[in-house]
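Structure first, commentary second.
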Amino acid sequence: MSFGTEIIFFVALGLLVLDPKRLHTVIGHLVQAKARFEEVTRAFKSRLVEELDSEDPERPQPSL
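Using this note's numbering, read the sequence shown as starting at 30 and increasing by one per residue.
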């Protein structure tokens with residue numbers, strides 16, 4: 030299965046298990062959680078680079 034086919038399969042399965050209104054709510058929560066996870070990951074990465082740079086000022090800057 031390709032990635033697009035898997036998404037369609039899971040949405041169809043979700044429609045069978047949940048009604049369309051609840052599925053919409055669940056997908057909304059998942060999207061918010063993904064966005065929050067990405068935000069925290071970026072902050073962690075930034076903080077890690079900051080800490081590593083403070084320990085070794087001669088270390089070359091990584092390309093983000």
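Even for Gly, the Cβ is constructed at its ideal location relative to N, Cα and C. Remember, it's a predicted structure, so these values are computed and weren't measured experimentally.
Q) Cα separation between Glu79 and Ala41? A) C-alpha separation (whole angstroms): 44 Å.
Q: Pull up the distance between the alpha-carbon of Lys63 and that of Leu52, whole angstroms please.
A: Computed Cα separation, rounded: 16 Å.
Q: Would you tell me roughly how many angstroms separate the C-alpha atoms of Arg76 and Asp82, rounded to the nearest one?
A: Annotation: Arg76 to Asp82 spans about 10 Å, alpha carbon to alpha carbon.
Q: Taking only the alpha-carbon atoms, compute the straight-line gap between Lys74 and Gln61 and give it to the nearest angstrom.
A: So the two alpha carbons sit approximately 20 Å from each other.
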